[in-house]
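Those sequence lines, one after another, are chains P and Z.
Letter 226 of the first sequence, counting from 1, is numbered 285 in my numbering, and no numbers are missing.
Letter 204 of the second sequence, counting from 1, is numbered 205 in my numbering, and no numbers are missing.
From the three backbone atoms N, C-alpha and C, an ideal C-beta is built for every residue, glycine too.
Bear in mind the structure is a predicted one, so any value in this text is a computation, not a measurement.
Here is the structure we will look at, set down as structure tokens.
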Amino acid sequence: MGEEVVELDLNGCKLPVAIHGQGRNILYLSANLWFVDESAFIQRLAQHARVIVPTAPGFGPGPVDRRWNQADDLAYLYLDLIDAMKLTDVALVGASFGGWIAAEMAIKSCAALSSITLMDAFGVKVSDRFTRDIADLFGLPDAELRARAYVDPSIFEADVKKVSDEELARRMRAREGLARYGWSPFLHDPKLLARLHRIKAPTQFIWGARDQIVTPAYGRAFASHVPGATFTEIANAAHAPQVEQPQAALEAILSFANVQR
Amino acid sequence: MRIYHFSEEPYPDAWGAQRPSLRITLPNELCDPDVAHRLYNRYIDEWMLADELGFDIMLNEHHSTATCLTASASVILSILARVTKRARLLVLGVPIGNRPDPIRVAEEMSMIDVISKGRLEFGMIKGVPYDIEPANSNAVSLMSRFWEAHDLIVKAMTTTTGPFSFEGDFFHYRNVNIWPRPYQQPLPPMWISTATPANAVEIGQRGHVMATFMGGIAETVKLHKAYAQGYQAGGHGSQVPVDRFAYLAMCGVASNEAEGRRRCDLIADYLRTNAQVADPFNKPPGYFSVEAAMRSARSPNPRAFRTLMTPKGRPVELSSASLDDFIECGIAFAGTPDQVFNQICAFTDGIGGLGNLLMMTQGGHLGPEDTCDSMRLFASEVMPRLKARQAQAQFFEAA
């Protein structure tokens, strides 16, 4: 299967990109949440495709320039990545925060995209101004975040004594990184909803049926603004189907991306 | 040496160890407006007494909290500018990295300086972690925003020739031209507080007054040395006048030791309530470095507020410490006037000189009679001796 990490120089930004497996190009934009560990799922996906996983500025150990502060910045960066790697016919997959970035990319250009899968994504505002659409990730205690993110929270190792320094550092960077891009407006781009009509590639939304970070109702409202998008719930999963129901998430992603197995 | 009287204007009726949080999430139905009315006026009376007794005056602000009713330092400063006669008026400070409009800050501070006839001491602070949430400011970019706001405020308060434009990373103005300009020309004394050597260097480079809070001798000396390094690099010279340094401690005085200690112990609830913050508002993302956040997560008590070492190397967690711990660490001065004088002298000698002693003479449940009695005793029996004594040590020698 193999894994290779390359460092792209994109207009002065040194971007680490991990490339796993072979075959059809899947650009996988991670949830990058401190209470979600997707590494096993990426390995699983890489058994069927060439999975390309960039580490966004602010989420890795390297220094980060303060110009990186909006979801838009990452969307342009990853479109640059597609150009630099000369990728075509890309299956774009974005989970949670990564789904937000994927949507921001797709409204700008779908030229290199053959399909888009958004999994439990946030990034839009759908309700009125006094209604919280997205759980307050920076204001809820970690135990409650896990309870909202998982049907069975014990699937995530919460005891920091039992995790490596590397994993603990990833979690701390993930929390800071998300705040960097999504502190205010909170985890959404007020302009995004009205621009979703520009998405030209086939798009599916897959959603943990018991997600309490962003509910399926939120997901359906999000999906209703994307032309022709489908919406499918994944049973017995909450905010991280890729962790709790990896086989179901895998099947949904691969079949929509027309990966032959 | 200048000696400042400081109170956070607490609302202790709403305190209680059983409450999970005194900040951010505590509903304001627990704030009786009549009680708050009496408290505000009482604390203003105490600042007026401080003015009469020869103290200078310090105030600060916090938000969404029963520990501090001063939600806007500008409001109280404005009143004090009018009702006090001689005291320096120190705000420590304005959380300029959390303010959406630095020009408004420059305007308010200039007004207060003019109304008070040049008595403003203008302090700027980063702000505590739990003030991030009420301001909804992004802690990831907090210090970049802080320094940009600082530069803009200084420029606005010192530009006398008409409008200038500003297009920064965070703030944008086409025509900045504040009225009035400050009374103190070109600029009121600027202060910044810190607890880290890296910031101390930056403050030293600018030559501002640096305030440090309750760090004890070892921590304070470390910060003063870092300041001196920046001070020299900024071209201000190798000797730092001690009026560039300020230190905040708690103080309770009475005619007998037990009563002085009792008063200071009540004030110390200020520190003991600091850890009473709903999780995770005590650790907003980006406020602490990734390395510091990891150390905290791995520590035996991740919810600890702040741990100091006594001079003998014993760790003391401030949110659960005893009065003796506080005294040993050099963050509380308590007892009779003689005892308090000796404790302060031991501390200031230990750090190599101090120009500004910021004293929390009121805190927690300490009532008005005890507060005023403590202040009067300090003013008559400690302050004159300190002022006479301090006249000898004027410079901090970094080496």
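Assignment of glycine 336 (chain Z) by DSSP, reduced to helix, strand and coil, places it in the strand class. Taking a C-beta cut-off of 9 Å against chain P, the contacting residues of the region 136-159 of chain Z are Asn137, Ser138, Asn139, Ala140, Val141, Ser142 and Ser145, listed in chain order.
Residue pairing by DSSP puts methionine 178 (chain P) in a beta bridge opposite P:Ala154 and P:Ile265.
DSSP places aspartate 139 (chain P) outside any beta strand (DSSP E); the residue lies instead in the alpha helix (DSSP H), whose first and last residues are 130-143.
Of all residues in the region 299-314 of chain Z, the ones placed with a Cβ closer than 9 Å to any Cβ belonging to chain P are Arg299 and Pro303, in chain order. When the five nearest sequence neighbours on each side are left out, the beta carbons in the same chain lying within less than 6 Å of the beta carbon of cysteine 252 (chain Z) are those of Phe334, Met360 and Thr362, in order along the chain.
With a cutoff of 8 Å on beta-carbon distance, alanine 90 (chain P) and alanine 154 (chain P) are scored as near each other. Where tyrosine 248 (chain Z) is concerned, the enclosing beta strand (DSSP E) starts and stops at 246-254. The beta carbon of glycine 169 (chain Z) does not come within 8 Å of any beta carbon belonging to chain P, so the residue lies off that interface. Its chain contains Pro130, Ile133, Ala140 and Leu143 as the residues whose beta carbon lies nearer than 8 Å to that of tyrosine 288 (chain Z), once the 5 sequence neighbours on both sides are disregarded; these appear in chain order. Burial check for threonine 159 (chain Z): the Cβ neighbour count within 10 Å stays below 16, so the residue is exposed. Among the bridge pairs identified by DSSP, phenylalanine 397 (chain Z) is matched with Z:Val241.
Excluding five sequence positions before and after arginine 87 (chain Z), the CB atoms of its chain that fall closer than 7 Å to its own CB belong to Asp52, given in chain order.
Arginine 207 (chain P) sits away from tryptophan 93 (chain P), with the two beta carbons spaced by 8 Å or more.
Selection P:Ile101, P:Val95, P:Asp142 and P:Cys72 evaluated against isoleucine 78 (chain P) yields P:Ile101 as nearest (Cα-Cα). Contact between the region 59-73 of chain Z and the region 224-239 of chain P is absent, with fewer than three C-beta pairs closer than 8 Å. Apart from sequence neighbours up to five positions away, the residues of its chain that approach leucine 355 (chain Z) with a beta-carbon distance below 7 Å are Met2, Val243, Phe246, Tyr248 and Thr349, ordered along the chain.
Identification of chain Z residues near proline 200 (chain P) by a Cβ-Cβ cut-off of 9 Å yields Ala279, Asp280 and Pro281, ordered along the chain. Considering only Z:Phe123, Z:Cys69 and Z:Ile116, the residue with the shortest C-alpha distance to leucine 81 (chain Z) is Z:Ile116. Within chain Z, the residues Pro286 have their CB atoms less than 7 Å from the CB of arginine 234 (chain P), given in chain order.
The C-beta distance from isoleucine 58 (chain Z) to threonine 26 (chain Z) rounds to 31 Å, too long to fall under 8 Å, and the pair is not in contact. Here tyrosine 209 (chain P) is near alanine 297 (chain P), since their CB atoms are less than 8 Å apart.
Less than 8 Å divides the Cβ of glycine 217 (chain Z) from the Cβ of glycine 331 (chain Z). In this structure threonine 71 (chain Z) is not in contact with glutamate 109 (chain Z), their Cβ atoms being roughly 14 Å apart against a cut-off of 8 Å. Listed in chain order, the positions of the region 175-203 of chain P with a beta carbon within less than 8 Å of a beta carbon of chain Z are Phe197, Gly198, Leu199, Pro200 and Asp201. In this structure, the alpha-carbon of threonine 291 (chain P) lies about 6 Å from that of phenylalanine 264 (chain P).
Per DSSP, the continuous alpha helix (DSSP H) segment holding tryptophan 48 (chain Z) begins and ends at 34-54. In this chain, the beta strand (DSSP E) harbouring asparagine 176 (chain Z) covers 173-177.
Excluding sequence positions up to five before and after alanine 288 (chain P), its CB lies within less than 7 Å of the CB of Thr262, Gln263, Phe264 and Ala282, all in the same chain and listed in chain order. When C-beta atoms of the region 188-195 of chain Z are compared with those of the region 89-108 of chain Z, three or more pairs fall below 8 Å, so the two segments count as touching. Rounded to the nearest whole angstrom, the CA to CA distance from arginine 146 (chain Z) to threonine 274 (chain P) is 35 Å.
Under DSSP, glutamate 318 (chain Z) takes part in a beta bridge, and its partners are Z:Thr308. In the structure shown, methionine 231 (chain P) falls within a helical segment according to DSSP collapsed to helix, strand and coil.
Note that the C-beta distance between alanine 228 (chain P) and methionine 295 (chain Z) is below 8 Å. Neighbours of leucine 227 (chain P) in chain Z, taken as residues whose beta carbon is under 8 Å from its own, are Met295, Ala298 and Arg299 in chain order. Within the region 241-286 of chain P, the complete beta strand (DSSP E) segments at least 3 residues long are 262-267, listed from N- to C-terminus.
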